[in-house]
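As structure tokens, the structure follows; a few thoughts come after it.
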Amino acid sequence: MQSLAQSKCLASAAANLSCKSAAREVVTGKAAEAGRKMSDVTLFSITQASAAIFHGLYIGQTFLCVVRAGTKKVLCPVNGEMTASEGDLIVFPPESFVTLENRPLRDAAYRADGAYLSHDLLLAASSPDSQGPRRTGIRILPAAEQEGYDLFAPLAATVDAEDLPEPIRRHRLMEPLIWLRHHGLEPTLPRDDHPIQQVRRLVETDLTHDWRLSEIARRFAMSEATLRRRLAAEGQGFAKILHNARLERGLGLLQTTELPISRIALESGFGTPSHFSDSFRKRFGMAPKAIRSAGD
Numbered sequence: 001m002q003s004l005a006q007s008k009c010l011a012s013a014a015a016n017l018s019c020k021s022a023a024r025e026v027v028t029g030k031a032a033e034a035g036r037k038m039s040d041v042t043l044f045s046i047t048q049a050s051a052a053i054f055h056g057l058y059i060g061q062t063f064l065c066v067v068r069a070g071t072k073k074v075l076c077p078v079n080g081e082m083t084a085s086e087g088d089l090i091v092f093p094p095e096s097f098v099t100l101e102n103r104p105l106r107d108a109a110y111r112a113d114g115a116y117l118s119h120d121l122l123l124a125a126s127s128p129d130s131q132g133p134r135r136t137g138i139r140i141l142p143a144a145e146q147e148g149y150d151l152f153a154p155l156a157a158t159v160d161a162e163d164l165p166e167p168i169r170r171h172r173l174m175e176p177l178i179w180l181r182h183h184g185l186e187p188t189l190p191r192d193d194h195p196i197q198q199v200r201r202l203v204e205t206d207l208t209h210d211w212r213l214s215e216i217a218r219r220f221a222m223s224e225a226t227l228r229r230r231l232a233a234e235g236q237g238f239a240k241i242l243h244n245a246r247l248e249r250g251l252g253l254l255q256t257t258e259l260p261i262s263r264i265a266l267e268s269g270f271g272t273p274s275h276f277s278d279s280f281r282k283r284f285g286m287a288p289k290a291i292r293s294a295g296d
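FYI, the numbering for the sequence shown is 1 to 296, going by full-length UniProt numbering.
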């Protein structure tokens, strides 16, 4: 396997994004459907048995990740190559493409806890002097600098407390974001001016749908030719965007659920498990089952 430093970020597709390089674990903002979810926050646990580098994975929403076992290396053009170990917190900006490597321990799987935060929650918790979208890159807060605070505890408690009044629920969800700001890690605010991100958000609403460029163009009130030009200007065509979204959904389900691969293939929009497995191997360099079983 090539080193992470040799990995290439998604070139022109996200040239104006701060971090182009991945995973939500799968980070399309949907990888956690097996986890606990409410409108503002999605919580889930990630498990991976084999080491792997993932290139060009899309992170739609702000993604918080705490490594529980093993290590995660990330490559960011803003902050360079970084490594997170057990207990370290990683903050991934929204609407970015990233490259990362998950490495299990010698005798145990890689494990992490993840959370996606909605754009609305970020805006509600942003400081009054915020200047709007900023590109600060991927950032890591070492465990030693977290002062014993478990950022996921208040998020999990709030998500599980279904009877909370809405104002109290929203207030409690803001607590971890205020804590991040206190440590100089205020999450980046999103922006909506990239066609690739807009198409990704739309197709991810139903990856089993038979999406066509003509339908996407109608949804955006533009001609097919105009949409095709705009996507080409960022380095990706519609077919590739849709295919990658489906593969990344599959990766996320492999890491966060125990669903059989045949079911994952169908839920990710593939007609057959073999098509999913072949495409997965071509994209990620490993068979889907290797995510769950070391040595496969």
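C-beta: ideal position from N, C-alpha, C; glycine also.
{"query": "On the three-state DSSP scale, how would you describe Ile180?", "result": "Note on residue identity: the sequence assigns Leu, not Ile, to residue 180. Of the three classes helix, strand and coil, the one that applies to Leu180 here is helix, per DSSP."}
{"query": "Return the residue from the list Ala217, Arg230, Thr42 and Ala287 that minimises the CA-CA distance to Leu121.", "result": "Thr42"}
{"query": "Could you give the distance in angstroms between the alpha-carbon of Arg263 and the alpha-carbon of Pro273?", "result": "8 Å"}
{"query": "At what residue ranges does the segment 192-246 contain a whole run of the alpha helix (DSSP H), taking only runs of 4 or more?", "result": "195-203, 213-219 and 224-233"}
{"query": "Which class does Gly252 belong to by DSSP, given the choice of helix, strand or coil?", "result": "helix"}
{"query": "For Arg246, which of Gly70, Trp211 and Thr257 has the nearest alpha-carbon?", "result": "Trp211"}
{"query": "Just how far apart, CA to CA, sit Ile90 and Asn244?", "result": "23 Å"}
{"query": "The beta strand (DSSP E) that contains Arg292, what's its start and end?", "result": "Careful: Arg292 lies outside any beta strand (DSSP E) and carries neither H nor E."}
{"query": "Does DSSP put Ile168 in a helix, a strand or coil?", "result": "helix"}
{"query": "Measure how close the beta-carbons of Ala115 and Met174 come, nearest whole angstrom, since I'm counting them as under 8 Å.", "result": "That pair is no contact at about 13 Å."}
{"query": "Can you round the beta-carbon distance between Leu64 and Leu117 to whole angstroms, since I take them to be within the 8 Å contact cut?", "result": "7 Å"}
{"query": "With three or more beta-carbon pairs closer than 8 Å as the criterion, would you say the segment 41-59 touches the segment 252-263?", "result": "yes"}
{"query": "Considering only the beta carbon of each residue, do Pro187 and Arg172 sit closer than 9 Å?", "result": "no"}
{"query": "Taking buried to mean at least 16 other C-beta atoms within 10 Å of its own C-beta, is Ala265 buried or exposed?", "result": "buried"}
{"query": "Given Val203, which residues of its chain have a CB within under 8 Å of its CB, disregarding the five upstream and five downstream residues?", "result": "His209, Trp211, Ile216, Ile241, Leu242 and Ala245"}
{"query": "State the Cα-Cα distance for the pair Arg200 and Ile140, rounded to the nearest angstrom.", "result": "26 Å"}
{"query": "To the nearest angstrom, how far is it from the Cα of Glu86 to the Cα of Pro288?", "result": "25 Å"}
{"query": "Distance check for Ala233 and Ile53, CA to CA, integer angstroms please.", "result": "27 Å"}
{"query": "Which word fits Ala225, buried or exposed, when buried means at least 16 other C-beta atoms lie within 10 angstroms of its C-beta?", "result": "exposed"}
{"query": "How far does the alpha helix (DSSP H) with Arg263 in it extend, from its first residue to its last?", "result": "Ile261 to Glu267"}
{"query": "Let me know the beta strand (DSSP E) ranges lying completely inside the segment 37-124, each 3 residues or longer, listed in chain order.", "result": "41-48, 52-59, 62-69, 71-76, 80-84, 89-92, 96-103 and 110-117"}
{"query": "Look at Pro190 and Gln61 and say whether their C-beta atoms are less than 9 Å apart.", "result": "yes"}
{"query": "Tell me, which residues are paired with Leu141 by DSSP?", "result": "Leu89"}
{"query": "Going by Cα to Cα distance, which pick from Glu81, Pro94, Asp107 and Pro93 is closest to Glu101?", "result": "Glu81"}
{"query": "Under 8 Å by Cβ, that's how I've got Thr71 and Arg103 pegged, so tell me the actual separation to the nearest angstrom.", "result": "5 Å"}
{"query": "Would Val66 and Leu151 be called neighbours here (beta carbons separated by less than 9 Å)?", "result": "yes"}
{"query": "Using the beta-carbon count (16 or more within 10 Å), is His55 buried or exposed?", "result": "buried"}
{"query": "Work out the CA separation of Leu75 and Ala143 for me, nearest whole Å.", "result": "20 Å"}
{"query": "Buried or exposed, going by whether 16 or more other CB atoms sit within 10 Å of the CB of Gly252?", "result": "buried"}
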